[in-house]
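**Q** Dropping a structure here in structure tokens format, bear with me for questions.
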DNA sequence: TATTACTTTAGACTTAGTCTAAAACTTAAT
DNA sequence: ATTAAGTTTTAGACTAAGTCTAAAGTAATA
Ligand SMILES: [Mn+2]
Ligand SMILES: [Mn+2]
Ligand SMILES: [Zn+2]
Ligand SMILES: [Zn+2]
């Protein structure tokens, strides 16, 4: 069982069961912003007996413990993102793919000056086509 | 049947049936960013026989014709917004309420300079608490 | 009127996600 | 080692959002 992953889970207060390590091995390494159903399919490849409930429970636990974040960008499904620090997202309207945009690539001003709103966090959601 | 609404529907190439006018009367006037289920409940008050399929069909038609826009901001449900011009959204984490933020209240820079991305549109999603 | 096109309807179906209660597995205590 | 207690996993029931279908109802056309 991947020792580095085991340590990372323990470091976030998560008991490293075999199933949780399997989920973590995939979700912490990917950049594809997968849905829970996609994580389930991936984990099943190597761990055919894993249940849907375990994958959902595990992902929700990871979110609660700050190991990944949950994003709601497009209809119907929540996706998960191992990049938990602030960044923006670009959605390719042709493919549906979600791309990460570094925080400093975009400048957002006057958010603190909104009257009547206590902004705790924000991010920019961009849509268009990947070029090149 | 509300003549102003009828004209607005015709102006967007939509046949103004009684059900469509009922949906439009609610959705074009509200600022609460309702879900389809909420629209269904509201329309049923005055039009008890309306079906779920009709409300969904009608909302999808309105989106297609540019009368309202669809937003995906929080888990599980799409919401509809009669303000179709560019603006941002603030989500009150305590209540779940979605608030409109005028486009000019926030300044977003360098979006056109993103290498490899053809940005067609974007908006800022803010989260926190309503103050006051 | 007859024909055609469009719209609505009930309910079946699908998909994402939650919940439950039992089984399996860990850990700690005798 | 044995037991007990706590934790995790599991299958499958359940819920909620949304789509699809095929028939019935309306409206426009000839
Ligand atoms: Mn962390
Ligand atoms: Mn319009
Ligand atoms: Zn990301
Ligand atoms: Zn809005």
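Chains as they are written, first to last, in this note's numbering: chain E, 1 to 132; chain V, 1 to 132. Virtual Cβ for every residue (Gly too), placed ideally from N, Cα, C. No experiment lies behind these values; they were computed from the predicted model shown.
So who's on the other strand from residue 95(V), going by DSSP bridges?
**A** Answer is none; residue 95(V) lacks a bridge partner.
**Q** Would residue 190(E) pass as a contact of residue 72(E) if the rule is Cβ separation under 8 Å?
**A** Nothing can be reported for residue 190(E): it is not among the residues displayed for chain E, which extend from 1 to 132.
**Q** For residue 19(V) and residue 54(V), which I take to be in contact (beta-carbon distance under 8 Å), what is that distance rounded to the nearest angstrom?
**A** Confirmed, about 5 Å.
**Q** For residue 130(E), which of helix, strand or coil comes out of DSSP?
**A** Strand.
**Q** Return the residue from the list 95(V), 3(V), 24(V), 15(V) that minimises the CA-CA distance to residue 81(V).
**A** Checking every option, the nearest Cα to that of residue 81(V) belongs to 24(V).
**Q** Rounded to the nearest angstrom, what separates residue 113(V) and residue 125(V) at their Cα positions?
**A** Roughly 20 Å between the two C-alpha positions.
**Q** Which partner residues of residue 88(E) appear in the DSSP bridge assignment?
**A** Note: residue 88(E) sits in a beta bridge opposite 101(E).
**Q** Determine whether the Cβ of residue 118(V) lies closer than 8 Å to any Cβ atom of chain E.
**A** Yes, contact with chain E.
**Q** With a threshold of 7 Å (Cβ to nearest heavy atom), would residue 87(E) be considered close to ligand 3?
**A** For ligand 3, at least one heavy atom lies less than 7 Å from the Cβ of residue 87(E).
**Q** Buried or exposed: which applies to residue 95(V), given that a residue is buried once 16 or more other Cβ atoms fall within 10 Å of its Cβ?
**A** Under this definition residue 95(V) is an exposed residue.
**Q** For a cutoff of 8 Å on Cβ pairs, would you count residue 101(V) as touching chain E?
**A** Closer than 8 Å to some Cβ of chain E, the Cβ of residue 101(V) qualifies, so yes.
**Q** For residue 102(V), count neighbouring C-beta atoms within 10 Å of its own C-beta (all shown protein chains included) and say buried if the count is 16 or more, exposed if not.
**A** It is exposed - the Cβ of residue 102(V) has fewer than 16 other Cβ atoms within 10 Å.
**Q** In angstroms, rounded to a whole number, what distance separates the CA positions of residue 51(E) and residue 4(E)?
**A** Straight-line Cα distance between these residues: approximately 24 Å.
**Q** Can you pull the chain V neighbours of residue 90(E), defined as C-beta to C-beta under 8 Å?
**A** Those are 114, 117, 119, listed as they occur along chain V.
**Q** Along chain E, which residues have their Cβ under 9 Å away from the Cβ of residue 96(V)?
**A** Chain E residues near residue 96(V): none, gap ~12 Å exceeds 9 Å.
**Q** In this structure, what does DSSP give as the bridge partners for residue 110(V)?
**A** The partner list for residue 110(V) (beta bridge, DSSP) is empty, contrary to what the question assumes.
**Q** Less than 7 Å between the CB of residue 100(E) and some heavy atom of ligand 3, yes or no?
**A** Yes.
**Q** Could you give the first and the last residue of the continuous alpha helix (DSSP H) run that contains residue 19(V)?
**A** Its alpha helix (DSSP H) spans residues 18-27.
**Q** Which whole-angstrom value is the C-beta distance of residue 129(E) and residue 92(V), which I expect to be below 8 Å?
**A** Not really, about 33 Å apart at Cβ, beyond 8 Å.
**Q** Taking residue 62(V) as part of the alpha helix (DSSP H), name the residues at either end of that continuous run.
**A** Counting along the chain, the alpha helix (DSSP H) containing residue 62(V) begins and ends at 52-64.
**Q** Give me the chain V residues within the contact set of residue 73(E), using Cβ-Cβ distance strictly less than 8 Å, ordered along the chain.
**A** Near residue 73(E) (Cβ distances below 8 Å), the residues of chain V are 72.
**Q** Which class does residue 44(E) belong to by DSSP, given the choice of helix, strand or coil?
**A** Three-state result, residue 44(E): helix.
**Q** Which first and last residues belong to the beta strand (DSSP E) in which residue 78(V) is found?
**A** Start and end: 77-81.
**Q** Would you please verify whether the beta carbon of residue 22(E) is less than 8 Å from any beta carbon of chain V?
**A** Cβ-Cβ to chain V under 8 Å: no for residue 22(E).
**Q** Specify, as a first and last residue, the run of the alpha helix (DSSP H) that residue 9(V) falls within.
**A** 3-11 is the extent of the alpha helix (DSSP H) around residue 9(V).
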